[in-house]
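Contents: one structure, followed by commentary.
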Amino acid sequence: MSTVIKGGTIVTADLTYEADVLIEGGQIIEIGRDLKGDEVLDAAGCYVMPGGIDPHTHLEMPFMGTYSSDDFESGTRAALAGGTTMVVDFALPSPGQGLLDALQMWDNKSTRAHCDYSFHMAVTWWSEQVFNEMETVVRERGINTFKHFMAYKGALMVNDDELFASFQRCAELGAMPLVHAENGDIVADLSARLLAEGNNGPEAHAYSRPPAVEGEATNRAIMIADMAGVPLYVVHTSCEEAHEAIRRARMQGKRVYGEPLIQHLTLDESEYFNQDWDHAARRVMSPPFRNKQHQDSLWAGLQSGSLSVVATDHCAFSTEQKRFGVGDFTKIPNGTGGLEDRMPMLWTHGVGTGRLTPNEFVAVTSTNIAKILNCYPKKGAVLVGADADLVVWDPDKEKTITASSQQSAIDYNVFEGKQVKGLPRFTLTRGRVAVHDGELRGQEGHGEFVKREPNTSVGRALSTWKELTAPRKVERTGIPASGV
Ligand code: URP
Ligand code: ZN
Ligand code: ZN
Ligand code: ZN
């Protein structure tokens with residue numbers, strides 16, 4: 003059974019052209035004019051693009067005394083509804099737990115996924131066991147990225163010595179470290195002080211994590227990665243201070259990637275000053291939303307290429323869960339949703355305003371991600387032989403975002419009331435039509451794990467350079483006698 007997407011305009015990260023796409027066996031088998039197939043999807047007036055890849059999600063994540071409410075079933079359903087066809091989630095060992103043990107838990111959770119997925123492995127503590135298991139994770143499990151939290155002191159946070167050890171291990175294995183870059187010691191101190199002063203509402207969450215906290219940690223992680231000789235991926239870059247560190251590093255030739263979130267690009271800190279406690283608490287995430295100047299910086303980064311990708315950090319908690327923090331903002335579970343809304347919001351506020359071209363949109367939502375995480379061109383491409391993870395994007399289709407019609411399991415949406423123009427007409431996951439003219443036809447369990455090989459070309463180039471410039475003993479001929 004073949005499917006043909008007819009009459010659309012193909013938009014990739016570097017090309018725009020009119021052609022049909024023929025799909026069979028889950029892959030693209032031909033691109034050209036006047037193609038025929040058993041099932042025909044009418045793409046007239048639409049763009050045919052690689053499906054979105056969300057490089058940063060937390061589905062059914064154990065965190066702050068609870069679990070995030072969207073699991074791999076509802077989370078990937080939301081993803082497909084919004085044109086995203088692959089998610090990369092974080093396998094998160096609790097401190098003391100082995101990496102392989104944690105991976106087994108994530109394998110079990112992900113069996114219900116509607117679309118393909120991969121994992122980053124988190125390093126939340128350090129030991130010989132972690133050192134050894136990292137190799138198995140890379141070589142046998144197809145995971146080439148390791149996440150490190152520089153915040154969440156007393157829980158997930160790792161210190162500089164652990165960061166350096168883990169980054170060096172990543173370099174040896176041809177893997178790439180990721181960092182949540184906030185100075186956890188300072189956040190803990192500021193939080194305690196704010197609470198002691200009676201500043202216990204959700205707005206204090208933002209006060210406890212100013213941009214300097216993020217800028218400092220981003221710069222530190224970049225320097226540690228440089229000393230370890232490994233590329234670095236900085237998750238949820240939210241402010242100019244962090245962006246500046248990334249921009250400077252890239253200008254110096256360092257291999258650093260920055261990932262702004264759709265939330266930080268489109269929502270600002272005024273949300274935390276809302277009179278309604280629930281409204282503000284629902285938007286508590288780390289780093290917090292920033293002001294307009296920081297937003298402008300993030301958009302400029304996407305335009306200039308100093309920031310590489312757009313993610314969601316989808317980590318959805320219900321209002322009831324957020325209320326764990328009434329009277330103490332440090333107990334509000336950190337995280338917001340966005341899987342269904344990332345693509346329409348970025349199209350509307352990026353392409354719709356002229357800040358991004360359609361090709362740049364494809365790059366930052368899909369192709370760059372597939373390249374950086376090393377699953378291109380299986381994913382992130384409209385090419386013969388690539389997986390048929392595609393979105394047929396109708397630039398004229400409009401809706402108002404509202405929780406009452408969303409796929410996510412939670413009872414609100416941080417983008418509630420936002421008007422978007424640009425939505426999927428069809429979303430295909432490995433050739434299977436999961437969204438058909440607004441109707442969801444996904445299949446639970448259809449999603450497969452995507453293995454990602456180590457030793458990317460960037461990683462190899464960097465290790466060649468590091469080897470060439472490594473310290474070398476100078477062999478001398480005349481050695482002075484001691485004491486002379
Ligand atoms: O607040 C956030 N971002 N929650 C999810 C966990 C993380 O830090 O990425
Ligand atoms: Zn049809
Ligand atoms: Zn984080
Ligand atoms: Zn996250």
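Going by my numbering, the first residue of the sequence shown is number 3, and it counts up by one from there. Here a beta-carbon is modelled for each residue, glycine too, at the ideal position from N, C-alpha and C.
Segment limits, alpha helix (DSSP H) that includes residue i
i      : result
ARG474 : Counting along the chain, ARG474 falls outside any alpha helix (DSSP H), and DSSP gives it neither H nor E.
VAL215 : 213-230
LYS373 : 370-374
GLY156 : First-last for GLY156: undefined, no H or E at that position.
ILE248 : 242-253
HIS281 : 279-284
ARG171 : 162-175
TYR209 : 204-209
PRO360 : 360-364
GLU455 : No alpha helix (DSSP H) contains GLU455, which DSSP labels as neither H nor E.
HIS266 : 264-268
MET136 : 130-141
ASP191 : 186-198
Residue i versus residue j - alpha carbon distance
i      : j      : result
ILE158 : ALA483 : Residue identity differs from the one stated: residue 158 is Leu in this sequence, not Ile. If I take the Cα positions, the gap works out to 53 Å.
GLU243 : LEU309 : 13 Å
PHE307 : VAL50  : According to the sequence shown, residue 307 is Gly rather than Phe. Taking the straight line joining both Cα atoms gives about 23 Å.
PHE74  : LYS475 : 53 Å
HIS207 : ALA21  : 50 Å
THR59  : LEU470 : 37 Å
GLY359 : VAL366 : First, the amino acid is wrong: residue 359 is Thr here, not Gly. Each residue's alpha carbon lies about 11 Å from the other.
LEU385 : ASN202 : 53 Å
SER96  : ASP163 : 19 Å
VAL311 : VAL42  : 32 Å
GLY100 : ASN336 : 24 Å
THR466 : GLN421 : 49 Å
HIS493 : ARG114 : The requested residue 493 does not occur in the structure, where the chain is confined to residues 3 to 486.
GLN29  : MET287 : 38 Å
ASP228 : THR458 : 17 Å
ILE25  : GLY433 : 6 Å
HIS438 : PHE326 : 39 Å
GLU271 : PRO290 : 7 Å
GLU199 : TRP108 : 40 Å
ALA93  : ALA167 : 20 Å
SER368 : GLY47  : 21 Å
ILE7   : ASP44  : 6 Å
ARG35  : SER4   : 16 Å
LEU488 : SER240 : In the structure displayed, the chain extends from 3 to 486; residue 488 sits before or after that span and is not available.
PRO397 : LEU425 : 7 Å
Residue i at chain D interface by Cβ criterion, 7 Å
i      : result
LYS453 : Of the protein chains in this structure there is only one, and it is not chain D.
Limits of the unbroken beta strand (DSSP E) element including residue i
i      : result
GLN421 : 421-431
SER320 : First-last for SER320: undefined, no H or E at that position.
THR5   : 4-8
GLU32  : 29-34
ILE12  : 11-13
ARG114 : Run containing ARG114: none; DSSP gives neither H nor E here.
PRO57  : 54-59
PRO179 : 178-182
TYR19  : 18-20
LEU234 : 234-236
GLY488 : The first residue shown for the chain is 3 and the last is 486, placing residue 488 beyond what the model contains.
MET123 : 118-124
TYR259 : 258-260
PHE417 : No beta strand (DSSP E) contains PHE417, which DSSP labels as neither H nor E.
Cβ neighbour criterion (16 or more within 10 Å) applied to residue i
i      : result
LYS324 : buried
ARG171 : buried
ILE481 : exposed
ALA219 : buried
LEU392 : buried
ASN134 : exposed
ALA383 : buried
ASN293 : exposed
THR268 : buried
ARG443 : exposed
ARG211 : buried
THR429 : buried
TYR19  : exposed
ARG478 : exposed
LEU17  : exposed
Closer than 6 Å: residue i CB and nearest ligand 6 heavy atom
i      : result
HIS207 : Looking at this structure, you won't find ligand 6 anywhere; what it does contain is ligand 1, ligand 2, ligand 3 and ligand 4.
Exercise. Counting Cβ pairs closer than 8 Å, one from the stretch 309-328 and one from the stretch 406-415, do we hit at least three?
Worked result: yes
Problem set entry | At least three beta-carbon pairs within less than 8 Å, the stretch 354-365 to the stretch 116-127 | no
Exercise. Would you call the stretch 173-180 and the stretch 227-238 in contact, with 3 or more CB pairs under 8 Å?
Worked result: yes
For this session: Output the residue ranges of the alpha helix (DSSP H) runs that lie fully inside the stretch 65-101 and measure 4 residues or longer, sorted by chain position.
Result: 74-83
Exercise. Which parts of the stretch 290-343 are runs of the alpha helix (DSSP H), unbroken and 4 residues or longer, counting only runs that do not cross its ends?
Worked result: 294-306 and 321-324
Problem set entry | Segment contact flag, the stretch 334-347 with the stretch 267-285, C-beta cutoff 8 Å, min 3 pairs | yes
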